[in-house]
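**Q** Chains as they are written, first to last, in full-length UniProt numbering: chain Y, 1 to 491; chain B, 1 to 310; chain R, 1 to 95; chain C, 1 to 90.
Sharing a structure with you now.
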Amino acid sequence: MSAGMLPVLAVMLPVLGMVLALPLGARGAERLTLALAPLGLAVAVAIAVVVYGGSAPIRHELGHWAPPLGLAFRVDGLSAAMMVTAAVVIGATALFARGQFGTAAGEAETRRAFAFWPLLLAIWGATNLALAANDLFTFYVALELLTFAAMPMVALDGKRETLEAALRYLMFALLGSVLYLLGVALMYGAAGTLDVVVLASRAGGTYPVLLAAALMTAGLLAKTALLPLHLWLPPAHAGAPAAASAVLSALVVKGSFVILLRLWFGVLPGIPGPMAAQILAGLGAAAILLGSVAALAQERLKLLVAYSTVAQIGYLFLMFPLIASMPGTETAAKAWTGGVVQAVAHAFAKAAMFLTVGLMAARLGHDRIRDIAGAGRALPVPMITFGLAGLTLMGVPPSGGFAAKWLLLAAAIEAGQWWWALVILCGGLLTGGYVYRVLSVGLRAGEATAPTRSADGQGIALVLAIVSVLLGFLPLGAFGLVQIGRLDLGP
Amino acid sequence: MIADLLIVAAIVALALPVVLARSAFTAVALFVAYGLLLAFAWVRLDAVDVALTEAAIGAGLSGVLLLGAARRLAGGPPVEDAPPGKAQVALIGVGCAGLAVALGAVILALPDPAPSLAEPVMANIAAIEVGNPVTAVLMGFRGLDTLLEAAVLVLAVVALWALAPDAAWGAAPGWRQPPATDGPLALLARVLPPIGVVVAVHILWVGADAPGGKFQAAAILAAMWLLPWMAGIAAPPPISRAWLRIVIAAGPVAFILAGFAGSVLQGAFLAYPPGYAKAVIIAVEVVLTASIAVALALLVLGPPAEDRGA
Amino acid sequence: MSATIFGLLGAALVGIGLFGLLVRRDALLRILAFNLLGGGVFLVFGAVARRGAGAGLPADPVPQAIILTGIVVAFAATTLAVALVLRLAAAKDRG
Amino acid sequence: MTEILLGAALLVLATVAAGLVRVLRGPGVADRVMAAQLLGTGGIAVLLLLDAATGIAGLADAALTLALLAAFATVALVRGAPDDGGEPPA
Numbered sequence: 001m002s003a004g005m006l007p008v009l010a011v012m013l014p015v016l017g018m019v020l021a022l023p024l025g026a027r028g029a030e031r032l033t034l035a036l037a038p039l040g041l042a043v044a045v046a047i048a049v050v051v052y053g054g055s056a057p058i059r060h061e062l063g064h065w066a067p068p069l070g071l072a073f074r075v076d077g078l079s080a081a082m083m084v085t086a087a088v089v090i091g092a093t094a095l096f097a098r099g100q101f102g103t104a105a106g107e108a109e110t111r112r113a114f115a116f117w118p119l120l121l122a123i124w125g126a127t128n129l130a131l132a133a134n135d136l137f138t139f140y141v142a143l144e145l146l147t148f149a150a151m152p153m154v155a156l157d158g159k160r161e162t163l164e165a166a167l168r169y170l171m172f173a174l175l176g177s178v179l180y181l182l183g184v185a186l187m188y189g190a191a192g193t194l195d196v197v198v199l200a201s202r203a204g205g206t207y208p209v210l211l212a213a214a215l216m217t218a219g220l221l222a223k224t225a226l227l228p229l230h231l232w233l234p235p236a237h238a239g240a241p242a243a244a245s246a247v248l249s250a251l252v253v254k255g256s257f258v259i260l261l262r263l264w265f266g267v268l269p270g271i272p273g274p275m276a277a278q279i280l281a282g283l284g285a286a287a288i289l290l291g292s293v294a295a296l297a298q299e300r301l302k303l304l305v306a307y308s309t310v311a312q313i314g315y316l317f318l319m320f321p322l323i324a325s326m327p328g329t330e331t332a333a334k335a336w337t338g339g340v341v342q343a344v345a346h347a348f349a350k351a352a353m354f355l356t357v358g359l360m361a362a363r364l365g366h367d368r369i370r371d372i373a374g375a376g377r378a379l380p381v382p383m384i385t386f387g388l389a390g391l392t393l394m395g396v397p398p399s400g401g402f403a404a405k406w407l408l409l410a411a412a413i414e415a416g417q418w419w420w421a422l423v424i425l426c427g428g429l430l431t432g433g434y435v436y437r438v439l440s441v442g443l444r445a446g447e448a449t450a451p452t453r454s455a456d457g458q459g460i461a462l463v464l465a466i467v468s469v470l471l472g473f474l475p476l477g478a479f480g481l482v483q484i485g486r487l488d489l490g491p
Numbered sequence: 001m002i003a004d005l006l007i008v009a010a011i012v013a014l015a016l017p018v019v020l021a022r023s024a025f026t027a028v029a030l031f032v033a034y035g036l037l038l039a040f041a042w043v044r045l046d047a048v049d050v051a052l053t054e055a056a057i058g059a060g061l062s063g064v065l066l067l068g069a070a071r072r073l074a075g076g077p078p079v080e081d082a083p084p085g086k087a088q089v090a091l092i093g094v095g096c097a098g099l100a101v102a103l104g105a106v107i108l109a110l111p112d113p114a115p116s117l118a119e120p121v122m123a124n125i126a127a128i129e130v131g132n133p134v135t136a137v138l139m140g141f142r143g144l145d146t147l148l149e150a151a152v153l154v155l156a157v158v159a160l161w162a163l164a165p166d167a168a169w170g171a172a173p174g175w176r177q178p179p180a181t182d183g184p185l186a187l188l189a190r191v192l193p194p195i196g197v198v199v200a201v202h203i204l205w206v207g208a209d210a211p212g213g214k215f216q217a218a219a220i221l222a223a224m225w226l227l228p229w230m231a232g233i234a235a236p237p238p239i240s241r242a243w244l245r246i247v248i249a250a251g252p253v254a255f256i257l258a259g260f261a262g263s264v265l266q267g268a269f270l271a272y273p274p275g276y277a278k279a280v281i282i283a284v285e286v287v288l289t290a291s292i293a294v295a296l297a298l299l300v301l302g303p304p305a306e307d308r309g310a
Numbered sequence: 001m002s003a004t005i006f007g008l009l010g011a012a013l014v015g016i017g018l019f020g021l022l023v024r025r026d027a028l029l030r031i032l033a034f035n036l037l038g039g040g041v042f043l044v045f046g047a048v049a050r051r052g053a054g055a056g057l058p059a060d061p062v063p064q065a066i067i068l069t070g071i072v073v074a075f076a077a078t079t080l081a082v083a084l085v086l087r088l089a090a091a092k093d094r095g
Numbered sequence: 001m002t003e004i005l006l007g008a009a010l011l012v013l014a015t016v017a018a019g020l021v022r023v024l025r026g027p028g029v030a031d032r033v034m035a036a037q038l039l040g041t042g043g044i045a046v047l048l049l050l051d052a053a054t055g056i057a058g059l060a061d062a063a064l065t066l067a068l069l070a071a072f073a074t075v076a077l078v079r080g081a082p083d084d085g086g087e088p089p090a
């Protein structure tokens, strides 16, 4: 078997599982998902090993048709790192979700159980597709898969507020898709291809290309929920069941973000001017500051965590001006690694946080922050999990978040753009504020009790939080993986 | 040229009032007419495959879906937020007009001669062994996209059913239709489907070498399958039926298996064995057509609804 | 010539659809506006395809194939949006 | 001959466009529905005339599809229109 089969398996196993889930029914789909999780993780790890070992991206031309006529998978270091992340998060979520969405033998299929497993597999397959694909229209298909899977996840509880949140999300997402597709049409009209690598050599800075890039960027920002297009995110992510929120925050918003990276640094290296990159990072900075302040002001734990996602997404956009202003330099490499590690570390930390907050809400019967006093005694493991994940979000050493923010900070100072460094520091303080607020109330003596004593799932969330911290202990050389096959350095 | 301008004027004349309409029902009636005219635009653009799809899906299935929704919401459509103020509307209007103008300017500025993949498609079409270049792209050169789109439709059915109220889970999809009426409607619903099925098979079959194919055939089949239910002379199967779910999944599964067969036999996913490409493609298309038809029909019907038992 | 005319029509429909999507508050009208917007995008793509005529074909088949799948997916999106709106209306009726 | 057929197609198209006035102005839903049906019928005619005039492959099939789906849409309209045939309450 050639290495080219690996990305095909990474995409097709979850997609096949999603399709088969329908005839298998809820119980069969649950078992299939739990069987596919280790298999998919093995594939993702194999991909990472091959990419790292060969120091080159994996390419696979589908049907032997080379771009621009055909489609090719291209898995670089960024894709490999994110695929491993996705496999771990999906696997952990699947294990966690057995409690909530499991179907015992002989039990009748429920709507929630029927829907959850194929939706989870669809998010996995779509994420891997966004990571493996190298064609602007295949990206569109991945975006649609993500939307169609994420929307019902939001509405899974069937309550009126969650239905409203789902409708709002769907409207944002559909508008984002259609703007993106309009950009794809113009791009094809200008260059006659949609392959990212071929486009890099063909798409000049002509007006059609620039308008296409602007439309696609706007569409992707709406899907990534960058401020001011974030309005749909907090109600959607806070209203979904915990297991759903975990993958929505950890993976779904990253899918559109990775496509944005491909567009800016793959299709158009150097074409969107430094000014555009500054604006993007400016929005990111606003997201960090306003999102964190909003998180501080929340009364409810799940909303706090959702606003924290708005803020943490902001960090991802700080890499744009740093790479755009210093193309091909060490600084750009640092910013790239910092951004990607932020995406990975946030995925682990936020999945852990949503799972743990969901557990706390389920055990305490509410998620009002001011009433969780005593939770530290009643629910020690979830509180520790929240704290550890909080370390990564703050960027306290040693943690994955620290590595990410340190790299971005260093790159900002090297690039002479000290104002981003300031934003990173302020963001860290504000994050510390809202994490501390939860911990300080929770660790206070109080009457919060957890009547049910099942330990289901708290270990899974803890493991995810520990992984997010342990990323900070990786030797710097390991981060070299995400440098492999960087498109802004040429195909 | 004159015909083009006539079509354009008519489409704009329909699109504007859709957006400005006071009642949803009026807007939907206008929208159906708009869909029909759009099919002409596609004929004028020499995209007969697309015209067929637009006629079947844009005007047919969408029309039925939206008319049903408009009727059900007639009592009072859900209003989300406060309407925007006059100044805001004006600002949005200027912005949208600006975008349209910029888009128009950019379309005029597209490179001439236009870059195109028509030549490589025709140079390699022999290897796909079908005569219709659009089918060659769909099933051959960009087969991955088509495969994944088929999976998107399965996902859409799952997503739709996930929106059912818990009380209605497992029941038949859709809202209760008014009781059956004898007379012209019931007659039509009995006479038309057999003809439609023949037409659909024809469109699928010619699709290999002429405009047509699985999407168009599936849309017609879906419409024919829906007719007796809409006329109230038959009821759709409950969503818990095993055969229903198997048919929906069969198409994408067959496509994926064909893809993996290519991996094993030819060394690349979705590579077809020389000499058998057309046979494989047609086999996959037949199964896909059935899956897509069922999926489209179920999407039009909607999730099981609570008022069914009432 | 047709390509340019219908391309410009596509641009106009994008403007009209986007306006409706942003200004109207009725959910069903928003869904219709989204479909107008989508139709405009497909027409722009269709104009691009028509311009790419060559090798004996009246239009470039690659964008045409993309439009076909795009129409089917846009339809699926419409059905989901409609189902959500109807479900929400039913939930509101019950209070 | 081709010119005559194309001219006929144009004429039918113009008739259809005239029918649009009813779609747009109503006043009743029934008027709009009937006019939309005229669009369907006229559309079939235009497609068939174009087929005879230009011989572009697939136009006859498009007409066939339109005929089926127009009948389908009619059923939806008949089942879906508000009973009074007038404007539903806004």
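Beta carbons are placed, not taken as given, at the ideal position from N, Cα and C, and that holds for glycine.
1. Starting from Y:A105, follow the beta strand (DSSP E) in both directions and report where the run begins and ends.
2. Compare the C-beta of B:V137 against all C-beta atoms of chain R and say whether one is closer than 9 angstroms.
3. For Y:K159, count neighbouring C-beta atoms within 10 Å of its own C-beta (all shown protein chains included) and say buried if the count is 16 or more, exposed if not.
4. Would you check if the segment 211–220 of chain B and the segment 46–59 of chain B touch, i.e. whether three or more CB-CB distances between them fall below 8 angstroms?
5. With DSSP collapsed to three states, give me the class of R:V82.
6. Quick one: what does DSSP say C:V75 is sitting in, helix, strand or coil?
7. Mind checking whether Y:T392 and Y:F479 have CB atoms under 9 angstroms apart?
8. Could you please give me the residues that DSSP links to Y:E61 through a beta bridge?
9. Measure from the alpha carbon of C:L10 to the alpha carbon of each residue in C:T74, C:I56 and C:L49, then state which is nearest.
10. Determine, using beta carbons only, whether C:I56 comes closer than 9 angstroms to chain B.
11. Express the C-alpha separation of B:W205 and B:V157 in angstroms, rounding to a whole number.
12. Give me the chain Y residues within the contact set of R:V41, using Cβ-Cβ distance strictly less than 7 angstroms, ordered along the chain.
13. Kindly list, in the order they appear in chain B, the residues whose Cβ is closer than 7 angstroms to that of Y:R111.
14. Three or more C-beta pairs under 8 angstroms: does that hold for the segment 116–125 of chain Y against the segment 34–42 of chain B?
15. Taking 9 angstroms as the CB-CB cut-off, is C:T65 touching chain B?
16. Quick check on the DSSP output: the alpha helix (DSSP H) that includes Y:K159 runs from which residue to which?
17. For B:R190, would you say it is in contact with chain R, using Cβ-to-Cβ distances shorter than 9 angstroms as the test?
18. Reducing DSSP to helix, strand and coil, say where Y:P14 ends up.
19. For R:P58 and C:I56, what's the separation of their Cα atoms in angstroms?
20. Can you name, in chain order, every residue of its own chain whose Cβ lies under 7 angstroms from the Cβ of Y:V441, other than the five neighbours on each side?
21. Indicate the three-state DSSP secondary structure (helix, strand or coil) for B:G213 in the structure shown.
22. Would you identify the three-state DSSP class for B:P184, choosing helix, strand or coil?
23. So with CB distances below 8 angstroms, who are the chain B contacts of Y:S2?
24. Would B:F31 pass as an interface residue toward chain Y - the criterion being a Cβ-Cβ separation below 9 angstroms?
25. Does the beta carbon of Y:A48 fall short of 8 angstroms from some heavy atom of the ligand ADP?
26. Contact between the segment 63–73 of chain Y and the segment 30–48 of chain Y: three or more CB pairs below 8 angstroms?
27. With the cut-off set at 9 angstroms, would you say R:G39 and R:Q64 are in Cβ contact?
28. Starting from B:L5, follow the alpha helix (DSSP H) in both directions and report where the run begins and ends.
29. I'd like to confirm the pairing. Which residues does DSSP put opposite Y:R300 in its beta bridges?
30. Check the Cβ of C:L50 against every Cβ in chain B and list those closer than 7 angstroms, keeping chain order.
31. Check each residue of the segment 192–208 of chain Y: if its Cβ is closer than 8 angstroms to any Cβ of chain R, include it; give the result in chain order.
32. Roughly how many angstroms separate the alpha carbons of B:G232 and Y:Y180, rounded to a whole number?
33. On the DSSP letters alone, give me the boundaries of the alpha helix (DSSP H) that Y:R98 sits inside.
34. Report the rounded CA-to-CA distance for Y:A411 versus Y:G428, giving the unit in angstroms.
35. Output the distance between the C-alpha atoms of Y:T110 and B:D166, rounded to the nearest integer angstrom.
**A** On the basis of the coordinates in this document:
1. Note, Y:A105: premise wrong, no beta strand (DSSP E); not H, not E.
2. yes
3. exposed
4. yes
5. helix
6. helix
7. no
8. Y:A72
9. C:L49
10. yes
11. 26 angstroms
12. V178, L181, L182 and A185
13. A162, A164, D166 and W169
14. no
15. yes
16. Here Y:K159 belongs to no alpha helix (DSSP H), and DSSP marks it neither H nor E.
17. no
18. helix
19. 10 angstroms
20. I369, R370, I372 and A373
21. coil
22. helix
23. G267
24. no
25. The ligand ADP is absent from the structure shown, which contains no ligand whatsoever.
26. no
27. no
28. I2 to L20
29. Y:R368
30. V43
31. G192
32. 41 angstroms
33. G77 to F101
34. 17 angstroms
35. 8 angstroms
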